[in-house]
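What follows is a short report on a single structure.
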Ligand code: J67
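Rendered as structure tokens:
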């Protein structure tokens, strides 16, 4: 097995990728809090792949837990609209020297944030929403509520097929504090997440509503700069939530909401006027029209989660049910994810040992142990 370092970006002398020789033509496509990502070709399968190098996954317990959770979840899932793990690899052969993790997944063309700004017709808009709903429904069936769906974490092909790239916030995520220079985007987080209230599966519907709105208008719907600004933008746009919702909020949230002016409910045909949509030529597919898109938005963007549409009902809505495919909507649930796995209180060295074991197991299964390519 050729394990020579392959510079990801020779011009900048950036992060080196040391991966098996079967992966060729590496070029950088992203950098984030967890590490750098390169595109490559797998010369054995002839398929394009994305390779993520987890940078210093043992720098602290938070990074180690996140790496472990991601790997476990990527191994678990099997759905056409969720990215799955093809391989995992470490060039180090002992626990003592172990320091780098490479994760390999199938590669698409770009992410959804790049698509925003191109005006899309209802066929494309509704197909994107349908796929997000199916993917999220599948994650829910494994006991995973995403809570942090956003355009940069949805990868797409030119034919509008998509895959959800990550698994969102861990259940035990404590604070939003992050010790890196990467900014955390809260623009798609549901009101109950912003207000730290109890939440259910339809937090993810809120995010899909925000993304649909952004695909239509080309603008982030609620571009808050912090929690307070995020909340203010939501209520000035969608109106003050009902007394029932406020009564169910925490005392501190209630006190704050009650200091604010009362904002009226908007008309959705004013928020999303006909001019925001591409004009339809001919009759188009039944159900795929401005009226149904607005109706879907209004149901997804209900501030009160008890009034918000469920994933099941959203999939039955006339704006997306035209795409219904049994194997995509009702795919058998995977083995439920055991949240206790990443909630264990272990030392960094114990996390390191667990990760080493996990990577070696996957490496042996998918890339072989030997020196062959
Ligand atoms: O599938 N993995 C992808 C992916 O398809 N993209 C989109 C993408 C692909 C390109 F070839 C070029 C660009 C240019 O920038 C915008 O996006 C693209 C991804 C973008 C960023 C990261 C990833 C994959 C991350 C990953 C996560 C876990 C394990 C392994 C890789 C991808």
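Residue numbers (the working numbering): 2 to 374.
Even glycine gets a Cβ: it sits at the ideal position worked out from N, Cα and C.
As the structure is a prediction and not an experimental result, all values here were calculated from the model.
Return the CA-CA distance between residue 17 and residue 248, expressed in angstroms with no decimal places. 54 angstroms
Could you give the first and the last residue of the continuous beta strand (DSSP E) run that contains residue 164? 163-165
Closest Cα partner of residue 34 within the set 79, 114 and 185: 185
Under 8 angstroms: do the stretch 241-257 and the stretch 336-354 share three or more Cβ pairs, one atom per stretch? no
Whose CA, out of 225, 352, 44 and 232, lies closest to the CA of residue 305? 232
Secondary structure of residue 67, DSSP reduced to three states: helix
If we require 4 or more residues per run, which alpha helix (DSSP H) segments fall completely within the stretch 53-116? 62-77 and 113-116
Please report the straight-line C-alpha distance between residue 194 and residue 323, rounded to a whole angstrom. 31 angstroms
Kindly identify the DSSP beta-bridge partner or partners of residue 172. Its beta-bridge partners do not exist; DSSP assigns none.
Three-pair Cβ contact test at 8 angstroms for the stretch 193-207 versus the stretch 139-147: yes
Any heavy atom of the ligand J67 nearer than 5 angstroms to the CB - residues listed: 30, 31, 38, 40, 51, 53, 104, 106, 108, 109, 111, 112 and 156
According to DSSP, which residues form a beta bridge with residue 24? 43
Just list the beta strand (DSSP E) runs in the stretch 212-282, keeping only unbroken ones of 3 residues or longer that don't cross its boundaries, in chain order. none
Tell me whether residue 267 counts as near the ligand ATP, meaning its Cβ is closer than 8 angstroms to at least one heavy atom of that ligand. By its list of ligands, the structure shown excludes the ligand ATP, since it contains just the ligand J67.
How long is the line joining the alpha carbons of residue 221 and residue 163, rounded to whole angstroms? 20 angstroms
If you reduce the DSSP assignment to three classes, tell me which class residue 295 lands in. helix
Residue 175 versus residue 149: straight-line alpha-carbon distance, rounded: In this predicted model, residue 175 has a pLDDT of only 47, less than 50, meaning its place in the structure is not dependable; the value taken from the coordinates is given anyway. Cα-Cα distance, rounded: 14 angstroms.
How would you label residue 328, buried or exposed, when you count the other beta carbons within 10 angstroms and need 16 or more for buried? exposed
Out of 120, 134 and 72, state which residue places its alpha-carbon closest to the alpha-carbon of residue 313. 134
Buried or exposed (CB count within 10 angstroms, at least 16 for buried), residue 374: Unreliable placement is indicated for residue 374, whose pLDDT of 35 sits below 50; the coordinate value is still reported in the next sentence. Exposed, by the Cβ-count rule.
Could you give the DSSP three-state label for residue 19: helix, strand or coil? strand
Simplified DSSP assignment, three categories, for residue 360: helix
At least 3 beta-carbon pairs within less than 8 angstroms: the stretch 81-91 vs the stretch 100-111: yes
Please return the same chain residues whose Cβ sits closer than 6 angstroms to the Cβ of residue 300, not counting the five positions on each side in sequence. 310
Just curious, the beta strand (DSSP E) that residue 156 is in, first and last residue? 155-157
Among the candidates 200, 112, 183 and 145, whose CA atom is the shortest distance from the CA of residue 77? 145
Nearest to residue 254 by CA position, among 197, 271, 238 and 264, is which residue? 197
On a Cα-Cα basis, can you pick out the residue from 32, 264 and 291 that is closest to residue 274? 291
Kindly indicate which residue of 293, 137, 298 and 26 has the alpha-carbon position closest to the one of residue 213. 298
Straight-line Cα distance separating residue 217 from residue 121: 7 angstroms
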